[in-house]
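What follows is a short report on a single structure.
Residue numbers (UniProt numbering): 1 to 423.
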């Protein structure tokens, strides 16, 4: 972790390139941890984060507490969503970029059908921008107002959100601002969560720079009672409370506590044990009664009594509720973000072997290797290709292997990593 400057930058880029490959699944958690640690120590980020040649088009299409959303275009004509942060001054951009970069490293590695992919960072007119895929259907409330789906479809969308939240929590990521406008609908009709972790980091930066929380990302209508008492940060349990509020939005088409005119009135209700009213659409069958009981459990005053996201998913798909999975097709896979950034940056899949040697050993040793072994490039590439194929085969067979065989597979992965990077 002592690398700095060009050496650290080169190694960061190499680690991210390896993470973008379909292979190396066994060692990816270790590589990801190394990437985050090196980035934090060096203050640098992989080259994939800055996105070249981005242009915003038209007028801004939406906005929130701390950002405006524009539609943009990148090289090749790909449409993207550009979230332009507007709460920070120009002289704060460098500090803000450093904070966002650290979180962006984590966001960049997340991949799930119910999470909006994160493409990278950009600067427009000295404003920090977060770039992600463009979703023509917009947020889930806009989608529901146009499609007007039946109750079965609405419960399927609830399951989509629960699965996305489960994945976030499994990756130790708190959303912190879960509400309907932060849930988008993909072209295939799947609900996907966006802006995960964004509100918390904006609030933290704003508090440090301005000694105020005026840029609070969430709203009172989704807050768990403990968040009003000043002795608790947003956490998994507060996400669960907000999730149940989102469910009432999906079921009714109205914000939680829609009958209350302002946040102070809502806060008073929540602190006195009141919860969102039951929508008429969520009644009439045993399954819907069970669903409403689940939401009430999510609203428990005691945070530790609320179910986990994994437990919520299990109860939703159980026969007592019977939530149907949205379309088996997915709108992206693990290679989606990698393919996007490579098409926009016009770069090869991996650096050459000689470039990798320069990153690891420095220019002098790499030059010696090249002069002594002129055919090293082609032979090394064949070795990497063969080893990668073997690792992938072994990993796919892991489910049916014994403990000793699994240990052998992991040892082989470690050995291959040493051979390909240090041989």
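Ideal Cβ positions, reconstructed from N, Cα and C, are used throughout, including at glycine.
- Scanning the region 118-199 for uninterrupted alpha helix (DSSP H) segments of 4 residues or longer gives 140-147 and 151-170, listed from N- to C-terminal end.
- Excluding its 5 nearest sequence neighbours in each direction, residue 71 has C-beta neighbours in its own chain below 8 Å: 56, 57, 58, 61, 79, 80, 81, 82 and 134, listed in chain order.
- Along the length of the region 275-337, whole alpha helix (DSSP H) runs at least 4 residues long occupy 286-298 and 309-317, reported in chain order.
- Remark: C-beta atoms of residue 222 and residue 242 approach each other more closely than 8 Å.
- Counting along the chain, no beta strand (DSSP E) covers residue 20, and no H or E run does either.
- For residue 246 against residue 178, the beta-carbon gap comes to about 6 Å, under 8 Å, which counts as contact.
- Look at residue 33 here: in three-state DSSP terms it is helix.
- Here residue 84 carries a strand assignment [DSSP, helix/strand/coil].
- Its Cα nearest to that of residue 294, the residue 309 stands out among 309, 280 and 281.
- Within the same chain, 278, 282 and 283 come within 8 Å of residue 292 by CB-CB distance, once the 5 residues on both sides are set aside.
- Annotation for residue 71: the continuous beta strand (DSSP E) segment containing it runs 67-73.
- Beta-bridge analysis with DSSP links residue 55 to 73.
- For residue 268, the enclosing alpha helix (DSSP H) starts and ends at 263-271.
- Separation of the CB atoms of residue 174 and residue 239 is rounded to 6 Å, and the pair is thereby assigned contact status at 8 Å.
- Nearest in C-alpha terms to residue 252, of all of 228, 280 and 234, is 280.
- Beyond the five residues adjoining it in sequence on each side, residue 332 comes within less than 8 Å, by CB distance, of 111, 113, 117 and 133 in the same chain, given in chain order.
- For residue 245, the enclosing alpha helix (DSSP H) has its first and last residue at 236-252.
- DSSP places residue 42 in the helix class (H, G or I) of the three-state scheme.
- Close CB contacts of residue 171 within its chain, under the 7 Å cut and outside five residues either way in sequence, are with 110 (chain order).
- With a 10 Å radius around the Cβ and a threshold of 16 neighbouring Cβ atoms, residue 39 comes out buried.
- By the CB criterion at 8 Å, residue 85 and residue 127 fall inside the cutoff.
- Counting every other CB atom within 10 Å of its CB across the protein chains shown gives residue 229 a total below 16, marking it as exposed.
- It is roughly 12 Å from the alpha-carbon of residue 167 to the alpha-carbon of residue 236.
- Burial state of residue 26 is buried, judged by a 10 Å Cβ sphere holding 16 or more other Cβ atoms.
- Leaving aside the five residues that flank residue 276 on each side, the residues in its chain whose CB is nearer than 7 Å to its CB run, in chain order, 245, 248, 256 and 257.
- Here residue 260 has 266 as same chain residues with Cβ atoms under 6 Å from its own Cβ, once five neighbours each way along the sequence are excluded.
- Inclusion of residue 19 and residue 35 in the CB contact set at 8 Å is warranted, their separation being smaller than that value.
- Under the three-state reduction of DSSP output, residue 27 falls in the coil class, being neither helix nor strand.
- Inter-residue distance for residue 75 and residue 141 is about 31 Å (C-alpha atoms, whole angstroms).
- Within 10 angstroms of the beta-carbon of residue 234 lie 16 or more other beta-carbons, which makes it buried.
- Short of 7 Å from the beta carbon of residue 189, and not among the five residues preceding or following it, lie these beta carbons of its own chain, in chain order: 326 and 327.
- A Cβ-Cβ distance of about 7 Å is found for the pair residue 197 and residue 107, placing them in contact under the 8 Å criterion.
- Non-local beta-carbon contacts of residue 317 in its own chain, meaning distances under 6 Å to residues more than five positions away in sequence, involve 323 in chain order.
- The straight-line gap separating the alpha-carbon atoms of residue 269 and residue 11 is approximately 53 Å.
- In summary, residue 13 is buried, with 16 or more beta-carbon neighbours lying within 10 Å of its beta-carbon over all protein chains present.
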